[in-house]
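Engineer:
There are 2 protein chains.
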Amino acid sequence: MKELFTKIMQGYEGYTIGKMLCYISDPKIISFAGGLPNADVFPLDLIRKAAETSLKQDWDQVLQYSAVPGENDLMEAVIDYLKRDDIHIEPENIIITTSGQHGIDLVGRLFLEPQDLIVSDLPTFGGALASFEMEDAKYIALDIEEDGSDVKGMEREIEKSINQGRKPKFIYVVPDFQNPSGITMSLEKRLSLLSLGKKFGIPIVEDSPYRELRYRGETIPSIYSLDKNQGNVIGINTFSKILCPGLRVGFNIGPAEVIQKFTFIKGGNILNTPKLNQDICTAFLREYDLETHFDKIIKYNSEKLNFFLQAMEENFPEEMGVKWTKPEGGLFLWITVPENINTTGLFYKAIEENVAFVPGEVLYPKDLRRYDSMRINFSYPTKEQIAEGVRRLSKVIRQHQAQR
Amino acid sequence: MKELFTKIMQGYEGYTIGKMLCYISDPKIISFAGGLPNADVFPLDLIRKAAETSLKQDWDQVLQYSAVPGENDLMEAVIDYLKRDDIHIEPENIIITTSGQHGIDLVGRLFLEPQDLIVSDLPTFGGALASFEMEDAKYIALDIEEDGSDVKGMEREIEKSINQGRKPKFIYVVPDFQNPSGITMSLEKRLSLLSLGKKFGIPIVEDSPYRELRYRGETIPSIYSLDKNQGNVIGINTFSKILCPGLRVGFNIGPAEVIQKFTFIKGGNILNTPKLNQDICTAFLREYDLETHFDKIIKYNSEKLNFFLQAMEENFPEEMGVKWTKPEGGLFLWITVPENINTTGLFYKAIEENVAFVPGEVLYPKDLRRYDSMRINFSYPTKEQIAEGVRRLSKVIRQHQAQR
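Read top to bottom, the protein sequences are chains S and P.
Just remember that this note's numbering sits 97 ahead of the position in the first sequence, which is counted from 1.
Just remember that this note's numbering sits 97 ahead of the position in the second sequence, which is counted from 1.
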């Protein structure tokens with residue numbers, strides 16, 4: 098039947114990280130590869146109680162088809178929640194999604210014709226790459242800098258490409274604690290990125306799953322809030338990192354004309370998001386002590402991060418030529434190794450030593466791959482696993498260097 | 098921002114029935130328009146208990162990301178469940194979806210390039226039309242006959258189109274109690290459709306949400322079972338009509354190479370289906386008395402159907418020229434009015450008389466629309482509503498005829 102698949106699907110292999118994870122199901126392996134929040138910080142009691150209430154109160158509506166854009170209760174709760182982040186929107190500016198991944202996919206389906214251009218950082222989020230690859234996207238992608246996107250480079254490249262008759266469809270960024278690099282975009286760059294988008298009439302897609310997870314430094318306004326509802330930004334958000342990933346609920350915000358089309362697409366794609374799952378998110382926003390909850394997550398994750406950074410200092414002396422980012426929040430950091438080391442090859446050697454990471458390769462668009470980096474998740478492993486895992490990682494790299 | 102949308106999305110309006118439903122939120126209106134199972138037959142106790150158990154036993158896995166293809170427990174439970182229908186498959190032949198609509202959308206994304214051909218009945222399921230429209234599909238569509246698809250006509254048209262260098266990508270059918278017509282495909286036609294698919298190397302997509310809901314007559318083998326795992330059929334299934342729609346869980350079955358690609362697409366689309374929702378479906382299949390449950394639904398719905406058919410007899414004497422199907426199961430029947438009546442126009446008049454239906458128009462592909470029919474759901478309204486609603490419907494049509 099293969100010959101009947103579309104051309105792009107014949108070569109499509111999906112979300113590459115997912116496939117890597119199957120190599121590391123062995124419990125002996127210490128994994129820095131996942132993108133998992135730790136279950137220690139899931140508000141289990143709230144979730145249990147909210148599920149029970151939802152199936153008691155209006156169970157007949159819960160178990161029936163429900164509105165495609167989402168439950169009014171949840172949309173209103175999100176609208177109120179966003180005010181704390183200086184985002185002020187109306188119901189016509191929001192759609193509930195069945196996860197952040199779903200939110201990204203809606204963007205791809207609405208904007209991308211085959212071979213259309215996306216502007217992005219290098220590296221960037223693997224899930225976005227997987228989704229946009231289904232639409233046969235091409236990239237203007239520039240190395241991310243210490244303070245975020247290379248906005249000047251983007252301007253130059255966009256201009257060049259418009260002159261060639263190819264205007265990019267959107268600029269995709271993760272400004273806060275980017276997955277995979279852990280880098281945060283400065284206020285200055287957020288403002289210039291916004292101006293850049295306006296100048297060329299290209300929307301900014303701001304993917305923001307980690308924003309609440311800041312462990313040090315000052316919160317920087319989101320690009321969405323900086324735009325002050327002028328309609329230049331589409332925001333992608335999720336409950337996965339602030340509540341839990343398993344419920345599969347998120348939300349997109351943006352101009353009404355975009356949200357309306359997302360609703361149409363969602364209707365043909367999956368219809369509604371389960372009301373049971375939405376009700377739990379509503380209870381979380383309305384009934385839970387969010388400040389205390391976020392403080393708990395922040396304390397938990399930042400301890401892990403500090404512990405990880407300390408282990409790196411101890412195990413990677415300068416002469417090894419290994420560098421790593423020092424994120425101010427989020428779940429990931431990014432390790433760069435000397436160019437003569439191929440981290441995809443290293444991955445299989447690391448597995449033999451019972452430690453795992455995500456080879457950087459899969460976090461670049463297909464035709465722009467690089468092999469000198471790796472993504473590290475520090476939130477899921479225990480402190481003991483971090484200490485031992487970083488030791489093993491250092492050992493694997495030393496062995497590799499010694500063989501050359 | 099509209100000018101940046103893809104060409105097909107600029108004109109896309111989604112699942113048209115959904116938009117009609119917003120006209121009929123007034124509780125005074127008796128609606129035959131929805132496609133809703135009645136909440137009276139939802140197994141509420143089972144669902145409550147299963148949700149509680151899921152959030153108690155392995156809550157940390159329930160709230161975490163989970164496997165994209167689906168939970169092993171549920172896939173095994175479905176594999177066992179399908180044996181009662183003489184379908185014998187392996188885990189590589191199944192993917193859990195986030196609803197039947199999602200299962201349809203996966204098919205469209207895997208197979209359809211812009212302007213690709215689908216073979217289907219006229220009329221056909223509106224959700225499928227909405228999903229395939231996103232891929233810019235075109236149709237070879239033939240009037241459905243009393244015993245199902247016009248297989249001979251399909252053969253002729255497929256041949257013609259292959260001679261013109263355009264081989265259709267798949268044949269989409271709902272063989273059991275088709276939505277919207279209520280018509281069931283005969284065994285003879287199922288076998289010839291299967292031969293037809295094999296002859297031309299075109300897969301059959303068998304959408305089967307209502308199969309268990311047979312109220313009279315003998316069960317006819319599914320096309321999937323008739324194929325005996327030769328890999329010519331993709332089955333689309335859902336828990337919506339046998340358990341409840343609100344959980345948003347379904348499953349696709351088919352050749353391993355197709356299921357693998359569905360998994361990749363699902364990964365870039367929404368990642369996993371929520372485990373909580375899957376666990377409830379597993380409990381339903383493993384712990385519930387399915388025979389008694391199905392008997393209950395069948396008794397409930399068939400009483401409604403008989404009552405509806407009787408009301409039609411009483412209110413539509415032959416001279417009115419109105420015809421309707423007499424389904425053996427499912428949730429829908431199909432009314433055809435004399436050609437001088439436009440049912441889309443009639444819809445707004447009916448709303449004024451507080452009765453609603455789905456105008457047939459929206460159940461045809463965009464360039465093949467017809468206006469002399471309507472879809473009726475008989476399972477959701479009460480008997481009293483059916484009696485009164487059919488009276489009103491007859492009145493509206495009489496008034497319309499008198500004015501001409």
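From the three backbone atoms N, C-alpha and C, an ideal C-beta is built for every residue, glycine too.
1) Starting from the C-beta of leucine 207/P, find all residues in its chain whose C-beta is less than 8 Å away, skip the five residues before and the five after it, and write them out in chain order.
2) Please check if any C-beta of chain S sits within less than 8 Å of the C-beta of valine 159/P.
3) Looking at chain S, is there any beta carbon in it that lies within less than 8 Å of the beta carbon of aspartate 155/P?
4) I need the boundaries of the alpha helix (DSSP H) containing arginine 253/S, first residue and last residue.
5) Could you give the distance in angstroms between the alpha-carbon of leucine 239/P and the alpha-carbon of serine 289/P?
6) Got a sec, what are the start and stop residues for the beta strand (DSSP E) threonine 433/P sits in?
7) Whose C-beta lies closer than 6 Å to the C-beta of glycine 223/S among residues of the same chain, with five residues either side of it excluded?
8) Residues bridged to alanine 453/P by DSSP?
9) Name the chain P residues that come within less than 9 Å of glycine 332/S, Cβ to Cβ?
10) Could you check where the beta strand (DSSP E) with alanine 238/S kicks off and where it finishes?
11) Using 8 Å for Cβ pairs, my map puts proline 272/S next to aspartate 183/S. What's the rounded Cβ distance?
12) When you compare the CB positions of proline 342/S and proline 134/S, do they come within less than 8 Å of one another, or not?
13) If you check the beta carbons only, do phenylalanine 129/P and asparagine 474/P fall under 8 Å apart?
14) Report yes or no: do three or more beta-carbon pairs, one from the segment 249-260 of chain P and one from the segment 389-408 of chain P, lie closer than 8 Å?
15) In the DSSP output, what is leucine 402/P paired with across the bridge?
16) When the Cα atoms are used, what is the spatial distance from aspartate 202/P to methionine 106/P?
17) DSSP three-state call for threonine 194/S: helix, strand or coil?
18) Give the secondary structure of glycine 294/P by DSSP, where H, G and I count as helix, E and B as strand, and everything else as coil.
19) I'd like the span of the beta strand (DSSP E) that includes aspartate 304/S, first residue to last.
20) With 8 Å set as the bound, which would you pick, yes or no: does the beta-carbon of leucine 209/S sit closer than that to a beta-carbon of chain P?
21) List, in order along the chain, the chain P residues whose C-beta lies closer than 8 Å to that of isoleucine 367/S?
22) Would you please verify whether the beta carbon of methionine 409/P is less than 8 Å from any beta carbon of chain S?
23) Taking all protein chains shown into account, do 16 or more other C-beta atoms lie within 10 angstroms of the C-beta of proline 124/P, making it buried, or fewer, making it exposed?
24) Can you tell me where the beta strand (DSSP E) holding aspartate 218/P begins and where it ends?
25) Assuming phenylalanine 506/P contacts proline 424/P (C-beta within less than 8 Å), just tell me the rounded distance between them.
26) Considering only C-alpha positions, which residue in the set Arg467/S, Leu465/S and Arg472/S is nearest to phenylalanine 454/S?
27) Using 8 Å as the cut-off, can you tell me whether the segment 292-311 of chain S makes contact with the segment 330-342 of chain S, which would need three or more C-beta pairs spanning the two stretches below that distance?
28) Cβ atoms of isoleucine 191/P and phenylalanine 381/P: under 8 Å apart, would you say?
29) Whole angstroms is fine: what's the gap from glycine 314/P's alpha carbon to arginine 467/P's?
30) Between the segment 368-383 of chain S and the segment 210-220 of chain S, do three or more beta carbon pairs fall short of 8 Å?
31) List the residues of chain S whose Cβ lies closer than 9 Å to the Cβ of isoleucine 215/P, in chain order.
32) If the cut is a Cβ gap below 7 Å, which residues of chain S does leucine 152/P touch?
33) Do glycine 365/S and serine 228/P have their C-beta atoms within less than 8 Å of each other?
34) With DSSP run on the structure shown, which of helix, strand or coil describes phenylalanine 69/S?
35) Count the CB pairs spanning the segment 489-501 of chain P and the segment 405-422 of chain P that are closer than 8 Å, and state whether there are at least three.
36) Could you pull the start and end residues of the alpha helix (DSSP H) that isoleucine 176/P belongs to?
Structural biologist: The short version:
1) Val355, Lys358, Phe359 and Ile362
2) Residue contact with chain S for valine 159/P: present (Cβ-Cβ distance below 8 Å to some residue of chain S).
3) Judged by the 8 Å Cβ criterion, aspartate 155/P is not in contact with chain S.
4) Following the DSSP letters along the chain, one finds arginine 253/S inside the alpha helix (DSSP H) bounded by residues 248-260.
5) 16 Å
6) From DSSP, the beta strand (DSSP E) with threonine 433/P extends over 429-433.
7) Ile114, Val459 and Leu460
8) Ser128/P
9) Neighbours of glycine 332/S on chain P: none; closest Cβ ~14 Å, over 9 Å.
10) 235-240
11) Actually they are not in contact, since the Cβ atoms of proline 272/S and aspartate 183/S sit about 15 Å apart, beyond 8 Å.
12) yes
13) A contact, by the Cβ cut-off of 8 Å.
14) no
15) For leucine 402/P, which the question treats as bridged, DSSP gives no partner whatsoever.
16) Roughly 15 Å between the two C-alpha positions.
17) strand
18) helix
19) First-last of the beta strand (DSSP E) with aspartate 304/S: 301-304.
20) So yes, leucine 209/S belongs to the interface.
21) Thr195, Ser196, Gln198, His199, Asp202, Arg345 and Ile367
22) no
23) exposed
24) 214-219
25) What the structure shows of chain P is the stretch from 98 to 501, and residue 506/P is not part of that stretch, so it cannot be assessed.
26) Arg472/S
27) yes
28) Result no, Cβ atoms of phenylalanine 381/P and isoleucine 191/P do not sit closer than 8 Å.
29) 31 Å
30) no
31) Within 9 Å Cβ-Cβ: nothing; isoleucine 215/P doesn't reach chain S, min ~12 Å.
32) Ile144, Arg145 and Ala148
33) Cβ atoms of glycine 365/S and serine 228/P: closer than 8 Å.
34) Outside the displayed span of chain S (98 to 501) sits residue 69/S, for which this structure offers no information.
35) Taking a cut-off of 8 Å for Cβ pairs, the segment 489-501 of chain P and the segment 405-422 of chain P touch, as three or more such pairs fall below it.
36) 169-180
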